[in-house]
Structure formats: C-alpha cells, structure tokens
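Asks:
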Amino acid sequence: MKSIKDGDTVRLLCEAKLESGELCYKNDAENPLEIVVGEGKFFPRIEEELHDMTEGDSKVVTLEAEDAFGPHVDDLIIKVPKSVFKPDIPLEVGSRIKIDAPTGRSFIGTIVAMDEQTFTLDMNHLLAGKRIVVNVTVVSIAEQIKQE
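Everything in the sequence shown is counted per the working numbering, starting at 1017 for the first residue and increasing by one.
1) Rounding to the nearest angstrom, what Cα-Cα distance links V1149 and L1142 in this structure?
2) Name, in chain order, the residues that DSSP records as bridge partners for C1040.
3) Do you know whose CA, among E1071, V1109, D1083, lies nearest M1017's CA?
4) Label I1051 either buried or exposed according to how many other C-beta atoms from any shown protein chain fall within 10 Å of its C-beta, with 16 as the threshold for buried.
5) Sorted by chain position, which residues of the same chain lie with C-beta nearer than 7 angstroms to E1164's C-beta, five sequence neighbours on each side aside?
6) Spatial neighbours of A1084 within its chain, please: C-beta separation below 6 angstroms, excluding the five flanking residues on both sides.
7) Using 10 angstroms around the beta-carbon of G1056, count the other beta-carbons present and answer buried if the total reaches 16, otherwise exposed.
8) Could you tell me the distance, in whole angstroms, from the CA atom of F1058 to the CA atom of D1091?
9) Using C-beta distances below 8 angstroms, list every residue in its chain close to P1060, excluding the 5 sequence neighbours before and after it, in chain order.
10) Give every residue of the same chain whose Cβ lies closer than 8 angstroms to the Cβ of E1038, excluding the five residues on either side of it in the sequence, and list them in chain order.
So this is what it looks like as structure tokens:
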C-alpha cells in the first residue's frame, strides 16, 4: 500500500479539540481537507506526522501552542476609542470586530472589556496559547505528477 511522502496530495478528515474536549474544527467525508504534503500550507507538525501513513490510517497529533496558532501575546491587547466604530453597531464584551489598518490590511479582534470611551480588544487568534489535539485520518493519497 502506498505511503505518504512530500509532494503527495492527500485528502484528510480532521477533528480538532482543545484539551478540555471542546470541538474547534471538524470536517466530514463529503468535505475532506486537501493538502500537498511538504508545501507548508498546513500545520508543519501534522504534515511531518503524515509521512509514511497510508489510506485509512488515523493518528492523534497534539499541537503545542507554538505549533498551532502561536502563543498568546499580551502586546496584541489594545485599547481603541469607541468613536472609531459606527454608533449603530451594537457591540459588547465577546463581540468580534474587524479593524481596517491604514496599510489596507484587515484584522479581527475580540472585545474583552469596555468603558464609556474605549474598547479593549484582544487581537490574538482565538486559539492562540492553546494546545490542540487533532485526530487526522487519511482518506486518499495522490502522487504529484512531475512536469518536465
């Protein structure tokens, strides 16, 4: 049976949970995740673990925060004047809001506190600082076609 190597296109079923057991991602057989192993577009730690797996194989991979969405960075908690936002948008603690930077990039933050004048936003990814346990199952493997 063929085993996975760099350059192979693989279809995966993935179920990701926090250590608490809270589900944070799950796909199904009708929507498998498709990646090219070794391209680095998926979690590198999981790509490494895929090597030598075959169709139908499953594996549980624990991703430390550094291997997943990074550590929680305190410098990414910022205060923003309420006047920056449209007054007709109801915002409360826990709301996720988009901020457009002068560079043209957009960022998503979570309101973690507010007072009369400001919102305190956490600009970290929601899963930053969290260990994630991923159950990955190989659905199919296709070898890369070399173009010459």
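The beta-carbon is built from N, C-alpha and C at its ideal position, and this holds for glycine as well.
Replies: Reading off the structure:
1) V1149 and L1142 have their C-alpha atoms roughly 16 angstroms apart.
2) Partner(s): none; C1040 has no beta bridge.
3) E1071
4) It is buried - the Cβ of I1051 has at least 16 other Cβ atoms within 10 Å.
5) Reliability of the predicted coordinates at E1164 is poor, the pLDDT of 44 falling under 50, and no value is obtained from them.
6) I1148
7) exposed
8) 26 angstroms
9) D1083
10) none
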